[in-house]
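Accompanying notes for the structure given below.
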Amino acid sequence: MSTIVGARGPVRLAGVGRRYGARGPWVLRGVDLELPEGRLVRVTGANGTGKSTLLRLVAGVDAPAEGRITGRPRGTAYVPERFPPALPFTALGHLVHLGRLQGLTTAVARTRATRWLERLGAGGYAGTALSELSKGSAQKVAVAQALLAEPGLLVLDEAWTGLDEAARAELDRAVRERVAAGATVLFVDHDPRRLAGEADTVLRVADGGVGPGPREQGTVPARVGAKAVEPGPVRVGTKTPDPDPARGGAKPSASAPVRIVASGTRPLPGVLPGGAAGEALGDGGGTLFRVGGADSDALLRVLLDASWHVHRVEAETGPATGGGRG
Ligand SMILES: Nc1ncnc2c1ncn2[C@@H]1O[C@H](COP(=O)(O)OP(=O)(O)OP(=O)(O)O)[C@@H](O)[C@H]1O
């Protein structure tokens, strides 16, 4: 476990709003929030109120329609509820490849990937193709993928779903380790017993805003440092009220054209590897990049460096993987 060195300051949301479609109802509006380092933050709220929307915005896989989000660390990882297993690429091969794209050496990526698969009880599946994994095992790969590069901001949207009991407990432990190392961990889970009593802050999404949630009952373990995340005032506007960085699969061949679907908010360089250009896929659908196979790794590296979330990688000839929502 590494410690994040140096203060990076909080992730800040200022006047953030999101709606789907230019005329869609506002799901969130006027959200002001500070998420300091080393905090565990639970997000609660009724179904459909915008919890996932908030998490995607904080993770940077979705952009606000208005307002600004600043202070997101370079190492940001996001685990959605469902990880789309993809091409015939082994679990370990996939993780090592992703680790390398995130700047790890092959040896370090392999060591960490192996360790995470073992911790999550998926060591026996290291050599299994992603496409052959059960939902639970695929989710373990998604979790391992998120933890590989020891992120400074970890966003977990029902990430425990589909995991067996031992792996759920292991993810709990991993969350505690990240927080102890100085990371901010933001999570949603339908089970109120998940990390019960451990969250530094509970937020509640309701009526298009984000406010303080109910105080947690239970024993709060002693931890050094100030506690509260300070949600800003819940300002509700005139409202009428979408794996790790998931490289969905392997590059099909060195030269075959590849389609990469990704989403993110950080600006990308003006000129992308292979002269790739992004094409918006419509609201919440991400951005499609078409690139020659020889340049696909370089493009993936650029996307991951900019904290973009890669939804799918597929051969140009036809879709090879499933994709997540938004
Ligand atoms: N990609 C999208 N396109 C259009 N509408 C969307 C999209 N994603 C979410 N929404 C809508 O935004 C609202 C909030 O959805 P969101 O998934 O953020 O809520 P939630 O609180 O996470 O819900 P749940 O608890 O059921 O997972 C819902 O009305 C949903 O239908």
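Residue numbers (our numbering): 2 to 327.
Cβ atoms here follow ideal geometry from the backbone N, Cα and C, with glycine treated the same way.
With which residues is residue i paired in a DSSP beta bridge?
i      : result
Glu67  : Gly18
Glu35  : Arg13
Val189 : Asp158
Arg43  : Phe188, Val203
Glu315 : Arg260
Trp27  : Arg20
Pro213 : Leu204
Thr77  : Leu154
Thr91  : Ala130
His98  : In DSSP, His98 forms no bridge with anything.
Measure from the alpha carbon of residue i to the alpha carbon of each residue in the options, then state which is nearest.
i      : options                        : result
Tyr330 : Asp284, Gly293, Val292         : Residue coverage of the chain in this structure runs from 2 to 327, which leaves residue 330 outside it and unanswerable.
Asn48  : Gly294, Leu305, Arg205, Gly275 : Arg205
Gly10  : Glu178, Glu38, Leu34           : Glu38
Asp201 : Arg116, Val180, Arg24, Lys136  : Val180
Gly277 : Glu133, Arg260, Ala316         : First, the residue type needs correcting, since residue 277 is Ala and not Gly in the sequence shown. Per the Cα distances, Arg260.
Gly25  : Pro274, Gly209, Val156         : Gly209
Glu171 : Leu196, Asp192, Val156         : Leu196
Glu1   : Arg40, Ala168, Ala316          : No answer is possible for residue 1: it lies beyond the span of the chain, which begins at 2 and ends at 327.
Leu301 : Leu118, Leu102, Ala316         : Leu102
Glu119 : Val12, Leu99, Val142           : Val142
Ala331 : Gly61, Asp296, Gln146          : Outside the modelled stretch of the chain, which goes from 2 to 327, sits residue 331, for which no answer is possible.
Val42  : Ser132, Val272, Pro213         : Pro213
Thr115 : Val144, Glu133, Gly104, Ala316 : Val144
Ala316 : Ser297, Leu304, Leu305         : Ser297
Val59  : Glu166, Leu36, Thr45, Arg194   : Leu36
Thr288 : Asp63, Arg194, Val156, Trp117  : Asp63
Arg333 : Pro270, Gly271, Pro258         : In the structure as shown, the chain begins at 2 and stops at 327. Residue 333 is therefore absent and cannot be evaluated.
Val12  : Leu155, Leu282, Ala295         : Leu155
Ala130 : Gly286, Arg313, Phe90          : Phe90
Trp117 : Pro193, Gly31, Ala168, Gly72   : Ala168
Gly72  : Thr106, Leu34, Arg177          : Leu34
Pro193 : Ala207, Pro215, Val211         : Pro215
Ala295 : Gly163, Gly61, Gly275          : Gly275
Ala299 : Leu157, Gly104, Glu159         : Gly104
Leu273 : Ala281, Leu304, Arg177, Gly61  : Leu304
Val203 : Val314, Thr45, Leu99, Ala160   : Thr45
Leu134 : Gly279, Pro270, Leu164, Val314 : Leu164
Val31  : Glu159, Val211, Thr50, Gly100  : The residue asked about is misnamed: residue 31 is Gly in this sequence, not Val. Taking only the C-alpha atoms, the option nearest Gly31 is Val211.
Ala160 : Arg177, Ser132, His191, Leu99  : His191
Val28  : Glu280, Gly293, Leu282, Ala207 : Ala207
Val314 : Thr50, Asp158, Leu99, Glu178   : Leu99
Asp158 : Glu178, Thr106, Gly51, Thr107  : Gly51
Could you confirm whether any beta carbon from chain B is found closer than 9 Å to the beta carbon of residue i?
i     : result
Leu29 : Chain labels in this structure do not include chain B; a single protein chain is all it has.
Runs of beta strand (DSSP E) wholly within the stretch 249-302 (minimum 3 residues, chain order): 259-264, 279-281, 288-292
query: Quick one: complete alpha helix (DSSP H) runs, 4+ long, within the stretch 124-177?
result: 136-148
- prompt: So does the stretch 63-73 actually touch the stretch 8-22, counting three or more Cβ pairs closer than 8 Å?
  reply: yes
message: Tell me whether the stretch 181-188 and the stretch 146-156 touch, counting them as touching only if at least three CB pairs, one residue from each stretch, are closer than 8 Å.
response: yes
- prompt: Touching or not, the stretch 106-125 and the stretch 74-84, by the rule of three or more beta carbon pairs under 8 Å?
  reply: no
task: May I ask you to verify whether the stretch 105-115 touches the stretch 41-55, counting CB pairs closer than 8 Å and requiring at least 3?
output: no
field: Touching by the beta-carbon criterion (3+ pairs, under 8 Å), the stretch 299-311 and the stretch 262-269
entry: yes
- prompt: Given 8 Å as the limit, is there contact between the stretch 72-79 and the stretch 88-101, that is, 3 or more CB pairs closer than that?
  reply: no
- request: Could you tell me whether the stretch 138-149 touches the stretch 187-199, using the rule of 3 or more Cβ pairs below 8 Å?
  value: no
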